[in-house]
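Report on the following structure.
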Amino acid sequence: MHRMNALRRVDLNLLVILDALLLERHVTRAAERLHLSQPAVSHALARLRDLLGDPLLVRAGAGLAPTARALELAAPLAETLAQVQALLAPNAFAPASARRTFRVAMSDYGAAIILPGLIRTLRHEAPGIDLQICHASREGMLEGVLNGDIDVAAGVFPDLPGELRSTPLFEERYACLLDRQSLPADGALDLPTYLARPHVLLEMRGSGTPEIERTLTALRERRRVAVSLPHWSVAPQLIAGTDLILTVASRALDGIDRTSLAVVPPPFEIAPFTFVLAWHGRRGGDQALNWLNRRIQEGVEGGGRVPVS
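Read in UniProt numbering, the sequence shown has 26 at position 26, and its numbers run on one by one without any break.
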């Protein structure tokens, strides 16, 4: 009875506004997210401060910074709202008639693996769903998921923040791409040759391939990076006719023309990595996003094939 009386004193819409404020850390942006006026959100923040006995968000530069109490509330609040959403709309998502845009972050590598099958699935099952694909560093992807700018990210994320959830898509290993004429006579790549050659590095804003560098550091070795690129498309063209080596995830090389190029294992053991989908825990009740995540996972597992009716 005491709990029911306490709930009667609380306008649950205030919790939705608090969640938006904690996401945006800006009154105007929170108002835009909620389709409310700025004064309405400011008034709600004043009521929340009075209700919880804490400033919750204090001015910091052009935005707002959460207090310690607000940070404590963020995760349980997001989980609670997600559960309420699931409770009130258990069967709300109908793929065939849905109209929605998802913002998905992935690299060129992820796009090549995920998008062909996923797009075919969407056109077949949910033609009203649109995708906005963005490309960022690992850190940029996770930041986008945390602040709500990105719905789901596909990538390699060894250290996910506690607020995020993930599901594995596949395990991957590294391979080396070389010009076929630059291979040693026996067709194998040994460590001295690998270290003596210049390398091409694919990186986005400094994220690079830390797994390779960590492995070489453990071996007390270093490689020389002659060319650093933020995208994949031109990389194979740089290898042809040169002594350069490109070390990348093996699936990225599946469609390579091997007439002039060769794909060989690295001459040292690099630990495999897991490619995952990551989304915010507060989105657990978002059935449309759950559906999209399942379709991505099924597409990767099934090679992107779409059933024909």
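Glycine included, each C-beta is placed from N, C-alpha and C at the ideal position.
Three-way DSSP call (helix, strand, coil) for residue i in this model
{"i": "residue 168", "result": "strand"}
{"i": "residue 298", "result": "helix"}
{"i": "residue 119", "result": "helix"}
{"i": "residue 160", "result": "coil"}
{"i": "residue 130", "result": "strand"}
{"i": "residue 135", "result": "coil"}
{"i": "residue 175", "result": "strand"}
{"i": "residue 101", "result": "strand"}
{"i": "residue 183", "result": "coil"}
{"i": "residue 94", "result": "coil"}
{"i": "residue 188", "result": "coil"}
{"i": "residue 259", "result": "coil"}
{"i": "residue 112", "result": "helix"}
{"i": "residue 271", "result": "coil"}
{"i": "residue 148", "result": "coil"}
{"i": "residue 291", "result": "helix"}
{"i": "residue 155", "result": "strand"}
When the options are compared against residue i, the one with the closest alpha-carbon
{"i": "residue 60", "options": "136, 24, 52 and 35", "result": "24"}
{"i": "residue 210", "options": "291, 270 and 124", "result": "270"}
{"i": "residue 291", "options": "100, 191, 22 and 239", "result": "100"}
{"i": "residue 157", "options": "32, 12 and 276", "result": "276"}
{"i": "residue 274", "options": "159, 45 and 82", "result": "159"}
{"i": "residue 297", "options": "252, 129 and 278", "result": "278"}
{"i": "residue 179", "options": "155, 238, 193 and 58", "result": "238"}
{"i": "residue 346", "options": "287, 41 and 181", "result": "Beyond the ends of the chain as shown, which are 1 and 309, falls residue 346; an answer cannot be given."}
{"i": "residue 145", "options": "294, 299 and 289", "result": "289"}
{"i": "residue 84", "options": "40, 283 and 295", "result": "283"}
{"i": "residue 37", "options": "53, 17, 191 and 54", "result": "17"}
{"i": "residue 286", "options": "132, 233, 94 and 272", "result": "94"}
{"i": "residue 62", "options": "150, 26 and 43", "result": "26"}
{"i": "residue 70", "options": "111, 39, 35 and 22", "result": "22"}
{"i": "residue 256", "options": "301, 56 and 235", "result": "235"}
{"i": "residue 272", "options": "212, 227, 231 and 299", "result": "212"}
{"i": "residue 302", "options": "133, 66 and 170", "result": "170"}
{"i": "residue 294", "options": "167, 79 and 97", "result": "167"}
{"i": "residue 218", "options": "41, 268, 135 and 162", "result": "268"}
{"i": "residue 194", "options": "266, 135, 130 and 147", "result": "266"}
{"i": "residue 232", "options": "163, 135 and 29", "result": "135"}
{"i": "residue 42", "options": "28, 35 and 161", "result": "28"}
C-beta contact flag for residue i and residue j at 8 Å
{"i": "residue 216", "j": "residue 223", "result": "yes"}
{"i": "residue 243", "j": "residue 197", "result": "yes"}
{"i": "residue 330", "j": "residue 154", "result": "The first residue shown for the chain is 1 and the last is 309, placing residue 330 beyond what the model contains."}
{"i": "residue 19", "j": "residue 81", "result": "yes"}
{"i": "residue 98", "j": "residue 119", "result": "no"}
{"i": "residue 65", "j": "residue 58", "result": "yes"}
{"i": "residue 163", "j": "residue 30", "result": "no"}
{"i": "residue 245", "j": "residue 280", "result": "no"}
{"i": "residue 300", "j": "residue 133", "result": "no"}
Segments of 4+ residues assigned as alpha helix (DSSP H) that fall wholly inside the region 192-257:
210-218 and 235-239
Can you give, in chain order, each stretch of the alpha helix (DSSP H) that sits fully within the UniProt domain "HTH lysR-type" (10-67) and has at least 4 residues?
13-24, 27-34 and 38-52
State whether the region 193-203 contacts the region 166-174, with contact taken as three or more CB pairs (one from each stretch) at a distance under 8 Å.
no
Pairs of beta-carbons, one from the region 258-268 and one from the region 183-202, closer than 8 Å: are there three or more?
yes
Inspect the CB distances between the region 44-52 and the region 9-21 and report whether three or more fall short of 8 Å.
yes
Would you check if there are 3 or more beta carbon pairs closer than 8 Å linking the region 118-126 to the region 242-252?
no
Would you say the region 105-121 touches the region 133-148, given that touching needs at least three Cβ pairs under 8 Å?
yes
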